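S.K.: Numbering (full-length UniProt numbering), first residue to last: 1 to 236.
Every residue gets a Cβ at the ideal spot worked out from N, C-alpha and C, and that includes glycine.
Given the structure is predicted, the values throughout are model-derived calculations rather than measurements.
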């Protein structure tokens, strides 16, 4: 199934169907995995504003690549969410739009003929690029892994894949803000560091799924993941 087998399917027209995508709870961070499995599942509740502790832990994990520490296994723990990825993408969109407008204003303000006009189209462009990347690239990767028969017990669901990609964009948010510093070498250095950290987390996360397909195929897939992630950074 598209969203994996760890959740019991709910009706498309019920609140519970959408509540599971935004179900983020502090207890799932502090309670060990084995203890959680023994707990009785509480009745589903619609939480439009979940507690931020688990989201913050996942954000930290998305920018700290550690060998052998898989983001899905160590941070999602069979409970992916869309709350964090959605707001990370939204924050990045507005950070890029605001920093782009301010950078343009700083660059042109010395011209006596320049008249400032807000560039609202930057919001549309940034939103299209970021949300298409956060939705279509994970879909393509998940479909490729399914096509390659990566369906064993270690395979990721579509929701887990899109969650990993959404959190990986958190490294670009402070970079977009610091892009206001008028030093080209520092701007590109910050961008390279952010891309390297988040792309490394993606590579470490998906490497176990593709390494069984042969070294050449595995390296090609990981190279495509890293290249698309870096291309987004340069394009934005």
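(1) Consider the Cβ of residue 100: report whether some Cβ of chain D lies at a distance smaller than 8 Å.
(2) Enumerate in chain order the residues of its own chain whose CB-to-CB distance from residue 131 is below 7 Å, with the five nearest sequence positions on each side excluded.
(3) Do residue 95 and residue 176 have their CB atoms nearer than 8 Å?
(4) Put residue 200 into one of helix, strand or coil per three-state DSSP.
(5) Report, in whole angstroms, the separation of the C-beta atoms of residue 163 and residue 66, which I expect to be a contact under 8 Å.
(6) Anyone know if the C-beta pair for residue 201 and residue 62 falls short of 8 Å?
(7) Keeping to the same chain, check which residues put their C-beta closer than 8 Å to that of residue 229; ignore five residues upstream and five downstream.
(8) According to the neighbour-count rule (16 or more other Cβ atoms, all chains shown, within 10 Å of its Cβ), is residue 124 buried or exposed?
(9) Out of 78, 135, 147, 91, state which residue places its alpha-carbon closest to the alpha-carbon of residue 213.
(10) Ends of the alpha helix (DSSP H) at residue 181?
(11) Can you tell which of 226, 233, 143 has the C-alpha that lies nearest to the C-alpha of residue 158?
(12) Using only alpha-carbon positions, find the residue among 225, 187, 133, 79 that is nearest to residue 145.
(13) What residue range does the alpha helix (DSSP H) around residue 233 cover?
(14) Tell me the residue span of the alpha helix (DSSP H) that contains residue 138.
(15) Is DSSP giving residue 79 helix, strand or coil here?
(16) Measuring CA to CA, which of 235, 87, 207, 92 is closest to residue 155?
(17) What is the DSSP secondary structure of residue 161, reduced to helix, strand or coil?
(18) What's the C-alpha gap between residue 112 and residue 137?
(19) Given that a residue counts as buried once 16 or more other Cβ atoms are within 10 Å of its Cβ, and exposed if not, what is residue 221?
(20) Which of helix, strand or coil does DSSP assign to residue 115?
M.R.: In this structure, then:
(1) Absent here is chain D; the protein component of the structure consists of one chain.
(2) 89
(3) yes
(4) helix
(5) Not really, about 18 Å apart at Cβ, beyond 8 Å.
(6) yes
(7) If we look at residue 229 and ignore the five residues flanking it on each side, its Cβ neighbours are 168, 195, 198, 199, 202.
(8) Taking all protein chains in view, the Cβ of residue 124 is surrounded by fewer than 16 other Cβ atoms within 10 Å, so the residue is classified as exposed.
(9) 147
(10) Here residue 181 belongs to no alpha helix (DSSP H), and DSSP marks it neither H nor E.
(11) With distances taken between Cα atoms, residue 158 lies closest to 143.
(12) The shortest Cα separation from residue 145 among 225, 187, 133, 79 belongs to 225.
(13) 215 to 235
(14) 121 to 147
(15) DSSP places residue 79 in coil when its eight states are reduced to three.
(16) 207
(17) helix
(18) 44 Å
(19) buried
(20) In the structure shown, residue 115 sits in coil (DSSP, three-state: anything other than H, G, I, E or B).
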